[in-house]
Each structure stands twice: as C-alpha cells, then as structure tokens.
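Residue numbers (the working numbering): 16 to 286. Backbone N, C-alpha and C fix where the C-beta goes; we use that ideal spot for every residue, glycine too. Everything on this sheet refers to the single structure shown next.
Structure representation (structure tokens):
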C-alpha cells in the first residue's frame, strides 16, 4: 500500500471514533450535524401529545364503572331520607337545614321559659299557689297520646322513605288525629282552670309554657297535613322531594313531643 494513503485512512478512523460517543456502538451523531433545542413550551406540547397517544392506546379502566355490590365513591347515603354530608349542594335540602336551625332557636326559647319557671318557683313561698289544682292524671293520659303520635309520625316517615304511599298517609293521618286530640284536651283544661294568665306569677308562667307549646302543636298539625297532601299528590319526579318534606315535618313533631315531656315534668309532676 502506498505510504500516502496510510495517513488518510488513519485520519478517517480517528474521525469515526470521535463521532461515536462511548457506549453507543455505532449509534452516534455526526459532529457537524446541528440540532436546534426545543423551547419549554414546545417541549410541554410534545409531551402532552405523547401522553394522549399513550392514553389512547391504553385499554379503558374499569375502576370508575359501577360494579354491583360496590359502594359509590362519593358518600350520598341518606339519613332519614335526607342526603348525607357527602352530597353536593344541589342534593341537600335547604328546608332541612332551615328547620334544624329554627328548632335550635325554639329550643333556646323554651329553655328561657323553663329557667323563668324554676326561678319563680325558687323565690315563691308556696308553689303552686293554693288556688291552683291541676289534673295530673288527665294530663298524663294525654301525654301518652302525644308520645304515641311521635311513634306514628316516625312510622309514617319510614313508610314514605320506603315508597309505601298508602301506609305513609295512614300513619300521618293517625298522627294528626292524635295531635288534634291532645290540643283539644288542652283547650278544655284551660276552660276548667280556676285562674287566668294575670291572676298571679304562676298563672303567667303556666299559660306561657303550655300556651306556646300548644301553638307549636297547632303549627305541627298544619305542617303535617300540608306535607301529607303534597306527598299524596306527588308524581314520580317529585316524590323524592315530597318524601324529604315528610321527614323534616316528622323532626318538628318529635321536637314538639320532647318539649312537652319537659313541660309536663316541670309543671305537673315537680310542682
């Protein structure tokens, strides 16, 4: 081989070695080939497109599909027919929230009346006054009537939540009848009492406690009648909302019963 060609071949071999980075076994890039670097925005777009192509080739996941027997991811369980805390704002019944707040304020109102009753009893020489004669046995009997109405309204609400329309309406009608009987007895008791609201301090606090409770019973009877009428006329599309209204009305009726137990204990038993 001519000596003039040996340096040229050696130079070519050295050039080939330089253009191949170590560890790539011939997969190197030529030195003279320039590559323009991508901008960060273009690189992000390229990565997003690559991710979309990979997602399209990936088989669909079954994790989000409803599976029989598996609970849903979001907690929309109901308590007494009202959507639970996991429900969205559109699913919650604003009437339930409003009634709960209102019942809390009513409870504070009756607590003030009970405190006034206890304060007057503690400061009086004789409590109740000698001219006060209450029918304890009669009031105890109608207290039992009111407690039974609490059971019937509970059964009515449960029947409404279960979709048993006739049973729900029957229990609600029984509740209204029992509540009306209790209220009628209270009116008759007022007629038979020998003192008025302005006779003495006992008469004032007695009529305030029992009278305000009687007004709440009357309001409860009207509310139950209206909710029962709405439930009876509900269509398949409005039945869930009507059921929630019946449930909320049952809360109010339970509140009325609990307050009366306190009134009966303080006014008729402890006095």
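Taking only three categories from DSSP, how would you classify residue i?
i, result
"residue 281", "helix"
"residue 148", "coil"
"residue 268", "helix"
"residue 201", "helix"
"residue 99", "Residue placement at residue 99 cannot be trusted, given a pLDDT of 49 that sits under 50; what the coordinates show is reported in the next sentence. Correct three-state label for residue 99: coil."
"residue 57", "helix"
"residue 142", "coil"
"residue 179", "coil"
"residue 273", "helix"
"residue 286", "coil"
Of the choices the options, whose alpha-carbon is the least far from that of residue i?
i, options, result
"residue 285", "136, 230 and 72", "136"
"residue 172", "190, 159, 162 and 156", "190"
"residue 224", "162, 68, 151 and 274", "274"
"residue 267", "65, 158 and 164", "164"
"residue 143", "272, 58 and 214", "214"
"residue 208", "129, 146 and 238", "146"
"residue 113", "272, 260, 176 and 279", "260"
"residue 195", "233, 178, 179 and 166", "233"
"residue 287", "219, 217 and 188", "With the chain covering 16 to 286 only, the question about residue 287 has no answer from this structure."
"residue 182", "69, 227, 247 and 264", "247"
"residue 131", "253, 258, 216 and 250", "216"
"residue 176", "243, 115 and 58", "243"
"residue 127", "251, 252, 253 and 220", "220"
"residue 157", "193, 125, 141 and 120", "193"
"residue 174", "222, 61 and 254", "254"
"residue 179", "279, 58, 258 and 69", "258"
What residue does the alpha helix (DSSP H) around residue i start on, and which one ends it?
i, result
"residue 164", "151-176"
"residue 126", "109-138"
By Cβ distance, which residues of its chain are closer than 6 Å to residue i, with the 5 residues on each side in sequence left out?
i, result
"residue 118", "270"
"residue 95", "A caution first: residue 95 carries a pLDDT of 47, below 50, which makes its placement in the model unreliable, though a value can still be read off. Hits under 6 Å: 262."
"residue 161", "197, 272 and 275"
"residue 170", "186"
Output needed for residue i: all residues of its chain with C-beta closer than 7 Å, excluding positions within five of it in sequence on either side, in chain order.
i, result
"residue 240", "191"
"residue 129", "277 and 281"
"residue 211", "218"
"residue 264", "238, 239 and 242"
Using a Cβ-Cβ cut-off of 8 Å (strictly less than) and excluding sequence neighbours within five positions of residue i, which residues of its own chain qualify?
i, result
"residue 9", "The structure shown does not extend to residue 9, since the chain is modelled only from 16 to 286, so the question has no answer here."
"residue 283", "149, 151, 154 and 155"
"residue 250", "none"
Could you check if residue i belongs to the surroundings of the ligand PLP, using beta carbon to heavy atom distance under 7 Å?
i, result
"residue 157", "In the structure on display, the ligand PLP does not appear, and there are no ligands present to speak of."
| request: Please go through the region 208-258 and give each complete alpha helix (DSSP H) segment of 4 or more residues, from N-terminal end onward. | output: 216-247
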